[in-house]
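**Q** One structure is given below, represented as structure tokens, and several questions about it will come after.
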Amino acid sequence: MAEGSATVVGERKLTANHWGVGLAQVANGQIRAVVAHPDDPHGSPINKNIAGSLAGRARILRPAIRESWLEGRPRAVARGRDSFVEVSWDRALDLVAQELTRVREVHGNDGIFAGSYGWSSAGRFHHAQSQLKRFLNCIGGFVRSEGNYSYNAALVMMPYIVGPFRAHVAQATRWPVIARHSDLVVMFGGIALRNTQVSDGGVARHRMADNFKACAEAGVKFVNISPLRSDAGEALGADWLPAHPGSDTALMLGLAHVLHSEGLHDRGFLDRYTTGFDRFEAYLTGAADGVPKTAEWAAEKTGLSAERIRDLARRMAAGRCMISVAAGVQRTDYGEQPLWMAVTLAAMLGQIGLPGGGYTVGYGVNANIGNIERLFRWGTLPQGRNPVDDIIPVAMISEMLLRPGGDYTYRGETRRLPDARLVWWAGGNPFHHHQDLMRLHRAFQTPETVIVNDINWTAAARHADIVLPVAAAQERRDFGAGKSDNALVPMHPLTAPPGEARVEYDIYCDLASRMLCGEAFSEGRTSEDWLRAIWDQTRETAAAHGQSLPTWEAFMAGDIVTLPDPSPEQVFLAEFRADPVAHPLPTPSGRIELFSDRIASFDLPDCPGHAAWFPPRDLEAGEGDFYLLSGQPKTRLHSQLDNGAYSLSHKIEGREPVLIHPDDAAALGIADGDVVELYNSRGRCLAGARVTDEIRQGCVFLWTGAWWDPDFDAPQGRDRHGNPNALTHDLRTSSLSQSPAAHSARISIRRFEGTLPEITVHDPPPLSSAQQAGA
Ligand SMILES: Nc1nc2c(c(=O)[nH]1)N[C@H]1C(S)=C(S)[C@@H](COP(=O)(O)OP(=O)(O)OC[C@H]3O[C@@H](n4cnc5c(=O)[nH]c(N)nc54)[C@H](O)[C@@H]3O)O[C@H]1N2
Ligand SMILES: Nc1nc2c(c(=O)[nH]1)N[C@H]1C(S)=C(S)[C@@H](COP(=O)(O)OP(=O)(O)OC[C@H]3O[C@@H](n4cnc5c(=O)[nH]c(N)nc54)[C@H](O)[C@@H]3O)O[C@H]1N2
Ligand SMILES: [Mo]
Numbered sequence: 007m008a009e010g011s012a013t014v015v016g017e018r019k020l021t022a023n024h025w026g027v028g029l030a031q032v033a034n035g036q037i038r039a040v041v042a043h044p045d046d047p048h049g050s051p052i053n054k055n056i057a058g059s060l061a062g063r064a065r066i067l068r069p070a071i072r073e074s075w076l077e078g079r080p081r082a083v084a085r086g087r088d089s090f091v092e093v094s095w096d097r098a099l100d101l102v103a104q105e106l107t108r109v110r111e112v113h114g115n116d117g118i119f120a121g122s123y124g125w126s127s128a129g130r131f132h133h134a135q136s137q138l139k140r141f142l143n144c145i146g147g148f149v150r151s152e153g154n155y156s157y158n159a160a161l162v163m164m165p166y167i168v169g170p171f172r173a174h175v176a177q178a179t180r181w182p183v184i185a186r187h188s189d190l191v192v193m194f195g196g197i198a199l200r201n202t203q204v205s206d207g208g209v210a211r212h213r214m215a216d217n218f219k220a221c222a223e224a225g226v227k228f229v230n231i232s233p234l235r236s237d238a239g240e241a242l243g244a245d246w247l248p249a250h251p252g253s254d255t256a257l258m259l260g261l262a263h264v265l266h267s268e269g270l271h272d273r274g275f276l277d278r279y280t281t282g283f284d285r286f287e288a289y290l291t292g293a294a295d296g297v298p299k300t301a302e303w304a305a306e307k308t309g310l311s312a313e314r315i316r317d318l319a320r321r322m323a324a325g326r327c328m329i330s331v332a333a334g335v336q337r338t339d340y341g342e343q344p345l346w347m348a349v350t351l352a353a354m355l356g357q358i359g360l361p362g363g364g365y366t367v368g369y370g371v372n373a374n375i376g377n378i379e380r381l382f383r384w385g386t387l388p389q390g391r392n393p394v395d396d397i398i399p400v401a402m403i404s405e406m407l408l409r410p411g412g413d414y415t416y417r418g419e420t421r422r423l424p425d426a427r428l429v430w431w432a433g434g435n436p437f438h439h440h441q442d443l444m445r446l447h448r449a450f451q452t453p454e455t456v457i458v459n460d461i462n463w464t465a466a467a468r469h470a471d472i473v474l475p476v477a478a479a480q481e482r483r484d485f486g487a488g489k490s491d492n493a494l495v496p497m498h499p500l501t502a503p504p505g506e507a508r509v510e511y512d513i514y515c516d517l518a519s520r521m522l523c524g525e526a527f528s529e530g531r532t533s534e535d536w537l538r539a540i541w542d543q544t545r546e547t548a549a550a551h552g553q554s555l556p557t558w559e560a561f562m563a564g565d566i567v568t569l570p571d572p573s574p575e576q577v578f579l580a581e582f583r584a585d586p587v588a589h590p591l592p593t594p595s596g597r598i599e600l601f602s603d604r605i606a607s608f609d610l611p612d613c614p615g616h617a618a619w620f621p622p623r624d625l626e627a628g629e630g631d632f633y634l635l636s637g638q639p640k641t642r643l644h645s646q647l648d649n650g651a652y653s654l655s656h657k658i659e660g661r662e663p664v665l666i667h668p669d670d671a672a673a674l675g676i677a678d679g680d681v682v683e684l685y686n687s688r689g690r691c692l693a694g695a696r697v698t699d700e701i702r703q704g705c706v707f708l709w710t711g712a713w714w715d716p717d718f719d720a721p722q723g724r725d726r727h728g729n730p731n732a733l734t735h736d737l738r739t740s741s742l743s744q745s746p747a748a749h750s751a752r753i754s755i756r757r758f759e760g761t762l763p764e765i766t767v768h769d770p771p772p773l774s775s776a777q778q779a780g781a
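Under our numbering, the residues of the sequence shown are numbered 7 to 781, in order.
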């Protein structure tokens with residue numbers, strides 16, 4: 007892959023996905039196989055899901071309307087349980103236009119919620135949310151969601167204490183720097199190689215495994231603090247400290263106490279670069295609350311011995327130490343606290359801004375963090391201006407639907423939840439990503455109209471009134487470019503969309519002309535015109551950076567185009583360290599805020615003015631016997647292509663695997679390969695037991711993304727398939743950031759003794775055609 011080269015790779019066609027660049031073999035109008043691009047040293051097996059899933063039984067083939075909604079008795083059968091009637095595109099789009107018009111007239115545009123959180127597919131132009139948002143902005147706007155499910159606590163919290171999180175992720179210290187300079191990497195939540203398969207928008211080369219190998223060869227030592235041993239790759243030879251989930255802040259406090267009591271903390275650094283250490287110190291020593299946060303105190307909270315905690319603290323102070331916090335660690339109750347405490351601990355060690363030292367939040371969240379960055383921003387489809395300025399924090403979807411007009415606090419303000427009458431989702435699967443799915447199911451009964459565009463009959467599509475079938479990324483022409491990668495990838499239509507599925511841009515063009523804003527939406531351009539315009543925009547920006555990109559035609563006829571990495575030697579906060587006066591942080595004090603007057607002034611019971619420990623809520627409430635972890639699956643991207651071959655090959659009796667420790671399994675009479683039932687006060691689901699000592703005792707791990715398959719006739723709408731969000735709570739991290747806290751649930755588990763129900767979600771719901779239904 008020469009830089010700027012354009013050679014055709016065999017007879018096969020390129021396709022870009024969030025998990026990497028694939029080469030597809032196509033015959034007789036069907037995708038036979040997709041393999042990773044040969045230049046990718048560690049191509050992702052997730053490619054194996056594409057062929058089977060796109061040709062699967064669950065494809066939405068025609069526009070469909072929920073039966074009782076169509077009949078004008080919308081509440082006769084609940085959303086999620088109803089049958090559907092297939093209609094023509096004209097009929098479906100007439101209904102969409104009619105509903106949009108009605109809701110705008112009666113409630114205004116702030117009656118439309120189109121947050122549409124979700125990963126959709128790679129591709130600069132056919133990005134589902136951008137398309138929907140551009141269209142809705144042409145008709146007066148919509149209420150949107152703010153933030154993400156990935157690292158929302160960090161997005162909201164970090165600006166108060168160090169600076170903007172997204173910028174900081176891009177500035178993460180590079181792995182080759184760590185290999186050269188670090189002695190020790192302490193990983194809270196590990197850095198799971200399986201998660202580094204993926205990067206938003208795409209990844210041309212998977213580099214993490216090689217960078218890990220280089221670290222191990224250079225003698226860098228790793229410590230994995232996580233309930234799952236495999237959160238650290240075997241090549242690292244990491245020490246495993248399986249602390250209780252949700253106890254990271256307590257552990258870090260214990261470590262801080264050892265540093266403090268043994269005089270190992272860097273007073274000079276704290277004085278010059280931080281503010282508020284004295285306030286934190288009073289909490290740490292117990293001067294403020296009578297509870298010294300000693301190693302013994304932390305041992306009780308974490309399940310680790312005080313000796314191990316002391317030993318780790320001394321090792322951290324003995325050399326160059328990088329503290330890494332996985333995003334999963336802040337996707338927990340009070341998830342702001344481990345972030346603040348990691349910054350505090352790193353400040354006490356005094357190595358922030360030094361090569362290989364300090365802290366990073368987000369290594370392992372994607373393939374590229376710490377490995378590569380893009381040189382400039384790629385061209386995009388302009389979304390226009392949204393005249394509605396109301397938002398919800400993304401994880402308040404059920405709250406919004408169940409408590410319209412209700413109060414909530416966010417970023418220190420009291421706000422009012424919008425009153426959403428029409429909900430439109432395109433490019434995300436809330437019935438995968440949100441917590442407490444039975445609550446979401448109830449919440450989805452409240453709007454007057456729900457519209458979902460999707461490829462497959464996911465649980466989200468099944469909760470819609472109007473379902474619009476759309477083309478997948480492999481069925482349209484586009485180009486791919488990762489948000490944190492420096493490669494551009496031609497994306498060829500490999501097959502035609504099946505049935506009557508359509509490209510979303512064409513759908514909105516038809517809708518826009520119905521709503522008399524056709525010209526505003528399309529600007530008279532076809533998809534191909536837009537692609538060229540976005541490419542030309544990218545090409546001009548490249549030229550301004552001294553890079554020459556091929557013409558659109560030459561690019562589409564060629565291979566991946568790579569651009570140079572702008573900062574291969576990046577060291578996080580190096581400038582601030584070198585001169586904190588010339589390069590102050592964008593915090594109120596210009597320094598790292600170990601005590602924040604701003605946050606303290608909000609007077610929040612669940613997020614005080616300095617890092618502090620709070621026990622997980624389910625534990626406090628006495629819920630369940632086990633901690634439930636629910637991280638990202640190795641075998642797919644979230645819920646996408648769950649019915650593909652690679653994803654299916656890991657299931658047990660068709661159910662998602664749940665990891666359980668051999669001693670716990672023996673005590674419960676559970677054998678490897680058994681179907682088990684997980685349950686708590688919120689819900690239940692089936693799963694397939696995978697007995698392994700990879701998981702800490704007292705914890706079980708169920709991967710996210712098995713399509714939710716509720717059996718509403720079974721107790722608590724038991725999910726047949728194994729989606730952890732049947733069990734998680736949807737309380738947010740805290741009233742500061744209102745972030746998702748998916749990793750903080752407790753459950754009980756038993757062998758499933760009943761008749762095993764069939765998985766139904768990989769088939770369409772009951773469907774009739776409009777003619778049959780006489781509609
Ligand atoms: N319990 C638990 N839950 C979690 C997490 C966890 O750790 N634990 N993690 C959370 C995180 S970090 C995230 S990011 C979320 C992810 O949540 P989502 O991003 O919502 O998950 P996806 O499965 O990627 O959903 C994308 C949907 O878009 C559809 N799609 C793909 N391409 C297109 C397109 O071009 N057009 C349209 N209209 N649709 C398309 C796919 O078929 C799929 O249904 O999940 C969150 N949920
Ligand atoms: N293959 C694949 N890769 C993906 C994705 C995917 O769907 N599939 N999704 C992508 C997305 S959107 C995101 S946001 C990232 C997520 O990246 P991360 O947030 O890093 O991943 P998670 O799997 O949620 O969590 C990492 C680990 O944290 C541990 N953990 C959970 N709770 C705690 C805790 O309280 N304390 C400690 N110490 N450890 C804990 C769990 O063992 C878990 O394996 O992954 C990305 N990568
Ligand atoms: Mo995410």
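All C-beta atoms in this analysis are idealised placements derived from N, C-alpha and C, irrespective of residue type, glycine included. Quick caveat, the model's predicted, so the values are computed rather than measured.
(1) From what residue to what residue does the alpha helix (DSSP H) around Gln177 run?
(2) Is Asn649 closer than 8 Å to Gly58 when the C-beta atoms are compared?
(3) Roughly how many angstroms separate the alpha carbons of Arg316 and Met562, rounded to a whole number?
(4) Can you look up Ile37 in the DSSP assignment and give me helix, strand or coil?
(5) Per DSSP, which one or two residues make a beta bridge with Ile658?
(6) Just mark Gly10 as buried or exposed, buried being the case when its beta carbon has 16 or more other beta carbons within 10 Å.
(7) Out of Arg200, Ile184, Ser232 and Gly208, which has the shortest C-alpha to C-alpha gap to Ala224?
(8) Classify Val767 as buried or exposed, calling it buried when 16 or more other Cβ atoms lie within 10 Å of its own Cβ.
(9) When the Cα atoms are used, what is the spatial distance from Met258 to His735?
(10) Per DSSP, Lys227 is paired with what?
(11) Buried or exposed for Asn731, going by 16 or more other Cβ atoms inside 10 Å?
(12) Using a Cβ-based criterion (distance less than 7 Å to any ligand heavy atom), does Phe228 qualify as near ligand 2?
(13) Which residue from Pro621, Val331, Pro399 and Leu647 puts its Cα closest to that of Gly368?
(14) Compare the C-alpha of Ala98 against each of Arg604, Leu474 and Cys144 and name the closest.
(15) Please specify which runs of the beta strand (DSSP E), each continuous and at least 3 residues long, are wholly inside the segment 429-500, giving them in chain order.
(16) By how many angstroms is the C-alpha of Asn158 removed from the C-alpha of Leu751?
(17) Which residues in the same chain as Ile605 place their Cβ atom closer than 6 Å to its Cβ, once the five residues preceding and following it in sequence are excluded?
(18) Mind checking whether Val40 and Asn53 have CB atoms under 8 Å apart?
(19) In this structure, what does DSSP give as the bridge partners for Ala22?
(20) According to the neighbour-count rule (16 or more other Cβ atoms, all chains shown, within 10 Å of its Cβ), is Asp769 buried or exposed?
(21) Please report the straight-line C-alpha distance between Ala70 and Leu138, rounded to a whole angstrom.
(22) Out of curiosity, what's the CA-to-CA distance linking Ser645 and Asp603?
(23) Run the CB neighbour count on His43, radius 10 Å, all protein chains shown included, and call it buried at 16 or more, exposed below.
(24) If we count the other Cβ atoms within 10 Å of its Cβ and call it buried at 16 or more, is Gly16 buried or exposed?
(25) For Gln104, count neighbouring Cβ atoms within 10 angstroms of its own Cβ and tell me buried if that reaches 16, exposed if not.
(26) In whole angstroms, what is the alpha-carbon distance linking Leu647 and Asp45?
(27) Mind pulling the alpha helix (DSSP H) runs of 4 or more residues that sit fully within the segment 283-350?
(28) According to DSSP, is Ile145 helix, strand or coil?
(29) Have a look at His551 and Leu381 and give me their C-alpha separation to the nearest angstrom.
(30) Runs of 3 residues minimum, wholly inside the segment 69-156: which ones carry the beta strand (DSSP E) assignment?
(31) Leaving out the 5 sequence neighbours to the left and right, which residues in its chain are closer than 8 Å to Ala8 when beta-carbon positions are compared?
(32) In angstroms, rounded to a whole number, what distance separates the CA positions of Ala12 and Gln576?
(33) In or out: Leu60 buried (at least 16 other Cβ within 10 Å) or exposed?
(34) Between the beta-carbon of Ser745 and the beta-carbon of Gly207, is there less than 8 Å?
(35) Can Ser126 be considered in contact with ligand 3, in the sense that its beta carbon sits closer than 7 Å to one or more heavy atoms?
(36) Relative to the C-alpha of Ile753, which candidate in Glu700, Gly760 and Ala627 has its C-alpha closest?
**A** Here's the rundown:
(1) Numbered from its first residue, the sequence shown carries residue 177 at position 171. Note, Gln177: premise wrong, no alpha helix (DSSP H); not H, not E.
(2) The residue labelled residue 58 in the question sits at position 52 within the sequence shown. The residue labelled residue 649 in the question sits at position 643 within the sequence shown. Yes. Within cutoff.
(3) For the purposes of this step, residue 316 is identified with residue 310 of the sequence shown, where counting begins at 1. For the purposes of this step, residue 562 is identified with residue 556 of the sequence shown, where counting begins at 1. Looking at the two C-alpha atoms, the distance is approximately 58 Å.
(4) Residue numbering aside, residue 37 sits at position 31 when the sequence shown is read from its first letter. Strand, per DSSP.
(5) Stepping through the sequence shown from its first residue, residue 658 is reached at position 652. The partner list for Ile658 (beta bridge, DSSP) reads Arg661.
(6) Position 4 of the sequence shown holds residue 10. Its pLDDT being 35, under 50, Gly10 is placed unreliably by the model, and the measurement read from it follows with that caveat. When all chains shown are included, Gly10 counts as exposed.
(7) Counted from its first residue, the sequence shown places residue 224 at position 218. Relative to the Cα of Ala224, the nearest Cα in the group Arg200, Ile184, Ser232 and Gly208 belongs to Ile184.
(8) Working through the sequence shown from its first residue, we reach residue 767 at position 761. Label assigned to Val767: buried.
(9) Start at 1 with the first residue of the sequence shown, and residue 258 comes out as number 252. Start at 1 with the first residue of the sequence shown, and residue 735 comes out as number 729. Cα to Cα, Met258 sits roughly 25 Å from His735.
(10) In the sequence shown, the residue the question calls residue 227 occupies position 221. According to DSSP, Lys227 bridges with Leu190.
(11) For the purposes of this step, residue 731 is taken as residue 725 along the sequence shown, with counting starting at 1. Looking at its Cβ environment, which holds 16 or more other Cβ atoms inside 10 Å, Asn731 is buried.
(12) Translated into the one-based positions of the sequence shown, residue 228 becomes position 222. The answer is no for Phe228.
(13) Translated into the one-based positions of the sequence shown, residue 368 becomes position 362. Taking only the C-alpha atoms, the option nearest Gly368 is Val331.
(14) The residue given as residue 98 occupies position 92 in the sequence shown. Measuring C-alpha to C-alpha distances from Ala98 to each of Arg604, Leu474 and Cys144 identifies Leu474 as the nearest.
(15) 455-460, 472-475, 484-487 and 493-497
(16) For the purposes of this step, residue 751 is taken as the residue at position 745 of the sequence shown. For the purposes of this step, residue 158 is taken as the residue at position 152 of the sequence shown. Leu is not the amino acid found at residue 751; the sequence shown has Ala there. In a straight line, the C-alpha of Ala751 is about 18 Å away from that of Asn158.
(17) Here residue 605 refers to the residue found at position 599 when the sequence shown is read from its first residue. For Ile605, where only same-chain residues beyond five positions count, the Cβ hits under 6 Å are Tyr166 and Gly615.
(18) By 1-based counting over the sequence shown, the position of residue 40 is 34. By 1-based counting over the sequence shown, the position of residue 53 is 47. In this structure, Asn53 lies closer than 8 Å to Val40 by Cβ.
(19) As a position in the sequence shown, residue 22 is number 16, starting the count at 1. Val27, per the DSSP bridge assignment.
(20) Stepping through the sequence shown from its first residue, residue 769 is reached at position 763. Answer is exposed; the Cβ neighbour count stays below 16.
(21) For the purposes of this step, residue 70 is taken as residue 64 along the sequence shown, with counting starting at 1. For the purposes of this step, residue 138 is taken as residue 132 along the sequence shown, with counting starting at 1. Rounded to whole angstroms, Ala70 to Leu138 spans 19 Å at the Cα level.
(22) Working through the sequence shown from its first residue, we reach residue 645 at position 639. Working through the sequence shown from its first residue, we reach residue 603 at position 597. Spanning the two alpha carbons is a distance of roughly 41 Å.
(23) In the sequence shown, residue 43 corresponds to position 37, counting from 1. Classification of His43: buried, given that the 10 Å Cβ count is 16 or more.
(24) In the sequence shown, residue 16 corresponds to position 10, counting from 1. Confidence at Gly16 is low in this model, with a pLDDT of 44, below 50, so the placement of that residue should be treated as unreliable; the coordinate-derived value is given next. So Gly16 counts as exposed.
(25) Residue numbering aside, residue 104 sits at position 98 when the sequence shown is read from its first letter. With fewer than 16 Cβ atoms within 10 Å of its Cβ, Gln104 is classed as exposed.
(26) Your numbering for residue 647 matches position 641 in the sequence shown. Your numbering for residue 45 matches position 39 in the sequence shown. When rounded, the distance between both Cα atoms is 24 Å.
(27) Fully enclosed alpha helix (DSSP H) runs of 4 or longer: 283-291, 301-308, 312-324 and 333-336.
(28) Working through the sequence shown from its first residue, we reach residue 145 at position 139. Three-state DSSP puts Ile145 in coil, outside helix and strand.
(29) If you number the sequence shown from 1, residue 551 lands on position 545. If you number the sequence shown from 1, residue 381 lands on position 375. Approximately 8 Å, taken between the alpha carbons.
(30) 70-72, 90-92 and 150-152
(31) Position 2 of the sequence shown, counted from the first residue, corresponds to residue 8. Residue confidence is low: Ala8 scores 36 on pLDDT, short of 50, so the model does not pin down where it sits. Its coordinate-derived value is still stated next. Taken in chain order, the list of residues that qualify is empty.
(32) Locating residue 12 in the sequence shown gives position 6, where the first residue counts as 1. Locating residue 576 in the sequence shown gives position 570, where the first residue counts as 1. Because Ala12 sits at a pLDDT of 35, beneath the cut-off of 50, its placement in the model cannot be relied upon, and the following sentence gives the value as read from the coordinates. Distance between the alpha carbons of Ala12 and Gln576: 30 Å.
(33) In the sequence shown, counting from the first residue as 1, residue 60 sits at position 54. Buried, by the Cβ-count rule.
(34) Stepping through the sequence shown from its first residue, residue 745 is reached at position 739. Stepping through the sequence shown from its first residue, residue 207 is reached at position 201. Contact: no.
(35) The residue labelled residue 126 in the question sits at position 120 within the sequence shown. Incorrect: Ser126 has no Cβ contact closer than 7 Å to ligand 3.
(36) Within the sequence shown, numbered from 1, the residue matching residue 753 stands at position 747. Answer by Cα proximity: Ala627.
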